[in-house]
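Chains as they are written, first to last, in my numbering: chain A, 1 to 376; chain C, 1 to 324.
From the three backbone atoms N, C-alpha and C, an ideal C-beta is built for every residue, glycine too.
The structure under discussion appears below in the form of structure tokens.
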């Protein structure tokens with residue numbers, strides 16, 4: 001009796017598992033979880049975007065905060081044991097003391113320890129743009145400065161600026177995907193579906209686009225942007241420039257996929273049912289390209305991030321006072337600055353981590369969604 | 001095949017006109033900031049407006065934009081690229097020397113990258129799932145995730161503290177008095193840093209590509225046959241597998257040819273290398289229009305020819321591929 005019950009339960013559970021496993025999404029998810037690196041990368045990215053959204057909370061100092069007496073200060077040392085050998089319960093920092101005025105060498109002023117305090121009050125901001133508050137994750141009382149990653153040539157906190165800069169660096173990739181993919185999908189779909197003249201015109205324009213040396217084109221277009229644009233408008237213009245350069249490749253591949261999909265029976269069925277062309281393309285043909293599109297989107301984001309940071313690095317992208325990781329890294333361009341104040345290289349590390357995470361995630365997603373393209 | 005190539009080459013003309021027109025329009029559309037001569041007034045207020053107008057007329061910049069464009073196009077047909085505003089020398093001369101420097105760097109880096117990536121990719125595929133394969137794969141991912149300007153900065157930092165390599169430029173100050181072999185050594189010495197900075201990215205990508213291609217081929221039935229025939233493993237891999245796996249890389253080679261002139265711009269800027277990428281950045285910032293147009297044209301021609309070469313090479317390497 002009891003035995004039957006157990007057997008029935010096991011059978012039921014198996015049936016449920018089988019049902020769950022059969023949906024394509026579940027299959028993909030199970031595949032994805034097999035790639036530990038991809039999952040870790042996904043987690044890193046989620047963390048990065050969450051921190052980006054609440055940048056003001058995590059940033060100890062405001063975007064425009066400057067302490068002109070403390071330029072090129074190294075990362076502050078966080079201690080638990082003070083100069084007299086006593087242990088403290090809370091981690092603390094010392095205030096900076098200028099040791100060598102000419103070489104900008106700073107040392108700790110060990111006469112007094114300043115506790116690192118959590119959930120402190122600082123500059124005012126609005127959470128998500130509406131809830132006003134002035135609570136920040138960490139802070140230290142002046143005259144000590146909590147420059148956890150050091151400061152730049154104007155005495156601005158590098159960590160805070162990296163947090164604010166992540167807004168542009170992380171959003172530009174997503175923004176460009178949101179612009180290019182609808183365009184590429186529809187134009188590629190139309191070209192593949194209608195063929196003949198439409199196809200010819202669209203694909204020749206893609207070829208013209210592909211014949212531009214991308215980087216030079218980006219340079220020229222970016223230099224056209226007027227210096228008077230607000231930072232938000234500028235971000236959108238830069239995204240538009242990248243989209244203009246980037247939609248062609250996707251359109252071309254979607255066209256190739258559509259060419260073969262349109263011959264399938266369900267397309268014929270849809271047309272026989274009397275649906276309009278656009279509806280057939282958008283509702284019936286394009287969904288078949290989903291797995292390719294998701295992979296392509298994930299893998300196109302790091303390229304855009306790279307492009308934006310490159311443009312900003314050369315001074316043609318984001319402009320001061322707003323900032324991005326590329327622009328922050330531009331400070332480290334001169335040999336003297338770079339070699340004596342190496343913490344200014346950290347924004348570059350942030351770029352590498354995010355791009356690496358996207359690449360690994362994209363690779364994992366491709367293996368999970370599209371077994372034909374599986375790399376190993 | 002010949003017909004296909006001819007058709008592509010005939011299309012080259014209209015394509016280039018289209019490209020130059022778009023670039024010209026983009027430069028002309030630059031609002032507010034004005035042209036090169038306008039910016040001269042800001043820099044040197046002592047220049048009289050008459051001088052500015054004279055300069056404008058000399059370069060034909062007093063005409064309406066579309067006439068300027070047609071004039072430029074007309075002179076290009078006669079292989080006259082015009083004068084640089086900023087340097088007052090022929091653009092051909094300016095671009096020529098810089099383009100050669102860039103080619104030197106790009107080709108060195110490309111050769112080094114391929115020479116390293118192909119064997120490593122083969123090794124990695126043959127030893128799939130080994131510790132070395134895992135490590136190489138992860139390193140390849142890191143390599144394709146490092147922007148070239150960042151790797152250049154890191155190398156600069158390392159070179160400064162180790163005093164092993166020169167930091168900037170293509171030649172030492174003593175270059176002019178060196179004997180010819182000294183000059184070669186000097187340039188080679190200066191090339192190491194930019195070559196590594198530029199090559200890291202392509203090594204990562206190429207290696208992964210080679211590995212994945214080879215892994216696909218290794219599953220093929222004809223390899224079983226080759227092994228069953230009693231061939232040595234070395235012969236199976238090198239003669240039967242690698243030969244087929246390397247085919248798709250041929251396309252990549254063509255694309256790399258196309259990008260030879262435009263790929264090194266960041267490294268050139270960070271490492272103070274006198275190449276085309278740095279020239280075009282300066283020209284864009286100064287609105288030195290003819291230099292920008294000339295470099296763009298050169299870059300585009302090379303890119304289009306590279307793409308064509310990629311298609312041709314692929315057809316040559318793989319008889320299954322037919323055009324028209």
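Rounded to the nearest angstrom, what separates residue 41/A and residue 82/C at their Cα positions? 51 angstroms
Pull up the distance between the alpha-carbon of residue 320/C and that of residue 66/C, whole angstroms please. Near 47 angstroms, if we compare the C-alpha coordinates of residue 66/C and residue 320/C.
Identify the continuous alpha helix (DSSP H) that holds residue 136/A and give its terminal residues. DSSP places residue 136/A outside any alpha helix (DSSP H); the residue lies instead in the beta strand (DSSP E), whose first and last residues are 131-139.
If we ignore side chains and look at the alpha-carbon of each, how far apart do residue 270/C and residue 6/C end up? 41 angstroms
Among 301/A, 108/A, 190/A and 325/A, which has the Cα closest to the Cα of residue 312/A? 325/A
Determine, using beta-carbon pairs with one atom in the region 104-114 of chain A and one in the region 123-131 of chain A, whether at least three such pairs fall under 8 angstroms. no
Looking at chain C, which residues of the region 334-363 of chain A have a Cβ within less than 7 angstroms of any of its Cβ atoms? 335, 338, 339, 342, 345, 348, 351, 352, 355, 356, 359 and 360
Touching or not, the region 168-178 of chain C and the region 237-246 of chain C, by the rule of three or more beta carbon pairs under 8 angstroms? no
Give the single residue among 353/A, 86/A, 76/A and 132/A whose Cα lies nearest to the Cα of residue 109/A. It is 76/A.
For residue 268/C, which residues in the same chain have their Cβ closer than 6 angstroms to its Cβ, ignoring the five residues on either side in sequence? 275, 277 and 278
Residue range of the alpha helix (DSSP H) that residue 113/A falls in? Run containing residue 113/A: none in the alpha helix (DSSP H); it sits in the beta strand (DSSP E), 105-115.
Please determine if the region 320-338 of chain A and the region 108-125 of chain C are in contact, where contact requires at least 3 C-beta pairs separated by less than 8 angstroms. no
Interface residues of chain A facing residue 145/C [CB-CB closer than 9 angstroms]: For residue 145/C, the neighbours in chain A by C-beta distance under 9 angstroms run, in chain order, 302, 306, 351, 352, 353, 354, 355, 356, 357, 358, 359 and 360.
Pop quiz: residue 151/A and residue 157/A are said to be a contact at Cβ under 8 angstroms. What is the actual Cβ separation, rounded to whole angstroms? Correct: roughly 6 angstroms between the Cβ atoms.
Beta-carbon separation of residue 297/C and residue 122/C under 9 angstroms? For residue 297/C and residue 122/C, no; Cβs fall outside 9 angstroms.
Report, in whole angstroms, the separation of the C-beta atoms of residue 322/A and residue 231/A, which I expect to be a contact under 8 angstroms. The distance from the Cβ of residue 322/A to that of residue 231/A is about 4 angstroms, consistent with a contact at the 8 angstroms cut-off.
Taking the alpha carbon of residue 290/A as the reference point, which residue from 155/A, 185/A and 132/A has its own alpha carbon closest? 185/A
Bridge-paired residues (DSSP) for residue 151/A: DSSP lists 157/A as partners of residue 151/A.
Helix, strand or coil for residue 170/C, going by three-state DSSP, please let me know. coil
Below 7 angstroms CB to CB, which residues in the same chain sit around residue 181/A once its five sequence neighbours on both sides are set aside? 250, 293 and 297
List, in chain order, every chain C residue whose beta-carbon is nearer than 7 angstroms to that of residue 236/A. Neighbours of residue 236/A on chain C: none; closest Cβ ~16 angstroms, over 7 angstroms.
So which residues of chain A does residue 306/C contact, with C-beta pairs closer than 8 angstroms? Chain A residues near residue 306/C: none, gap ~10 angstroms exceeds 8 angstroms.
Let me know if residue 359/A comes out buried or exposed under the rule of 16 or more other beta-carbons within 10 Å of its beta-carbon. buried
Cβ pair residue 148/A, residue 159/A closer than 9 angstroms: A contact, by the Cβ cut-off of 9 angstroms.
The beta strand (DSSP E) that contains residue 87/C, what's its start and end? Segment: none, residue 87/C is in no beta strand (DSSP E) and carries neither H nor E.
Which of helix, strand or coil does DSSP assign to residue 231/C? coil
Going by DSSP in three states, residue 80/C sits in which element: helix, strand or coil? DSSP, reduced to helix, strand and coil, places residue 80/C outside both helices and strands of the structure shown, so it counts as coil.
Do residue 142/C and residue 356/A have their beta-carbon atoms positioned less than 9 angstroms apart in this structure? yes
Does the structure place the region 133-145 of chain A close enough to the region 249-268 of chain A that three or more beta carbon pairs sit under 8 angstroms? Pairwise C-beta distances place the region 249-268 of chain A out of contact with the region 133-145 of chain A, as fewer than three of them are shorter than 8 angstroms.
Please list, in chain order, the chain C residues whose beta carbon lies closer than 7 angstroms to that of residue 55/A. Near residue 55/A there are no residues of chain C at all, since even the closest Cβ is about 22 angstroms away, more than 7 angstroms.
Does any C-beta atom of chain C lie closer than 9 angstroms to the C-beta of residue 224/A? yes
When you compare the CB of residue 206/A with every CB in chain C, is at least one pair closer than 9 angstroms? no
To be precise: take each residue of the region 150-166 of chain C, compare its Cβ to all Cβ atoms of chain A, and keep it if any distance is under 8 angstroms. Which residues remain? From the region 150-166 of chain C, only 150, 153, 154, 156, 157, 160 and 161 have a Cβ closer than 8 angstroms to chain A.
Can you name, in chain order, every residue of its own chain whose Cβ lies under 6 angstroms from the Cβ of residue 211/C, other than the five neighbours on each side? 121, 124 and 125
Going along chain C in order, which residues have a C-beta closer than 9 angstroms to the C-beta of residue 142/A? Ordered by position in chain C, no residue passes the 9 angstroms Cβ test against residue 142/A, which lies about 32 angstroms from the chain.
If you drop the 5 nearest sequence neighbours on each side, which residues of the same chain put their C-beta closer than 8 angstroms to that of residue 281/A? 186, 189, 190, 193 and 258
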